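Numbering-wise, our numbering puts 386 at position 80 of the sequence shown, and it's gapless, one number per residue.
Below is one structure; the comments refer to it alone.
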Amino acid sequence: MPLHPVATRVAKKGLLDKVLRFDDEVHFLKSWIEKPLATGAVMPSGRILARTMARYVDPTQDGPVIELGPGTGPVTEALVRHGVEPRRLVLVEFNPTFCRLLRTRYPEATVVQGDAYRLRPLLSSLMKEPAAALVSSLPLMTKPLRTRVRLISDALHLMAPHAPFVQFTYAMVTPIPKATSSITVHASDLVWANVPPARVWVYRGR
């Protein structure tokens, strides 16, 4: 018995999604093999983790939304599904292959190829208004504490007062201790559905 046309389209879309996710995982694994410290993770963020991060962003807040280390775009997709218009996205990615992929998938977004750990000089001339939020998938725990603190300091300089800096890690401790900067920090519950399990940290300027 042939499938109903709607069921056929749903099945095809499901298959396409699986193929795209597999292709993303291949891209990510290849990048990790070539530059493990720069890539940080073997696989892109899972959908549940991506949705958890996106929920901390208020899509009604004015201003661009910066994403650091978007990779193949799982968190980018979650942000768009959450209501952030693609034209508001500023995607900072070091890997040129990922940049090409992001420009294809999100042609309205601003894709900046560069080192996110030099955030202030990289984006200062580009930002016309304070950012509404910053979402990061950078492997912060692979960097010295001084580098992490400088990153959030630069980020807060580019963001609106009290705007969220959203970061995930596989570690159970905060990557940016409160004692090292004038910030508040909120930790999510552990996202067990991610592989490996991860936690989301939300920092805001005092």
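Cβ atoms here follow ideal geometry from the backbone N, Cα and C, with glycine treated the same way.
Please read these numbers as outputs of a predicted model, since none were measured by experiment.
Check                                                                                                                 : Outcome
Assigned exposure category for R505 - 16 Cβ within 10 Å defines buried                                                : buried
Exposure of V497, with buried meaning 16 or more beta-carbon neighbours within 10 Å                                   : buried
Beta-bridge partners of R510, as assigned by DSSP                                                                     : T490
Classification of E373 by the beta-carbon crowding that lies within 10 angstroms, buried from 16 upward               : buried
Cα-Cα separation between R393 and E414, rounded to whole angstroms                                                    : 5 Å
Contact the stretch 438-447 vs the stretch 349-365: 3+ CB pairs below 8 Å                                             : yes
Which residues DSSP lists as bridging R505, in chain order                                                            : T475
Own chain residues within Cβ distance below 7 Å of R409, not counting five before or after                            : V417
Straight-line gap, P450 to A422 (C-alpha atoms, nearest Å)                                                            : 15 Å
Contact under 8 Å by Cβ, V491 with T480                                                                               : yes
Supposed close pair L399, Q419 - CB separation, criterion 8 Å                                                         : Per the sequence shown, residue 399 should be read as Glu rather than Leu. The pair is a contact, with the Cβ atoms about 6 Å apart (cut-off 8 Å).
Residues of its chain near L395, where Cβ-Cβ distance is below 6 Å and the 5 sequence neighbours each way are ignored : V371 and A415
L397 classed as buried or exposed, judged by whether at least 16 other C-beta atoms fall within 10 angstroms          : buried
CB-CB length for R353 against P380, believed under 8 Å                                                                : 7 Å
8 Å Cβ cutoff met for L464 and R426                                                                                   : yes
Cα-Cα separation between M433 and I458, rounded to whole angstroms                                                    : 16 Å
8 Å Cβ shell around N500 - same chain, five flanking residues per side excluded                                       : S351, G352, I354 and L355
Member of T378, T366 and P402 whose CA lies at the smallest distance from the CA of G389                              : T366
T480, DSSP secondary structure in three states                                                                        : coil
Distance between beta carbons of T382 and Y412, contact taken as under 8 Å                                            : 6 Å
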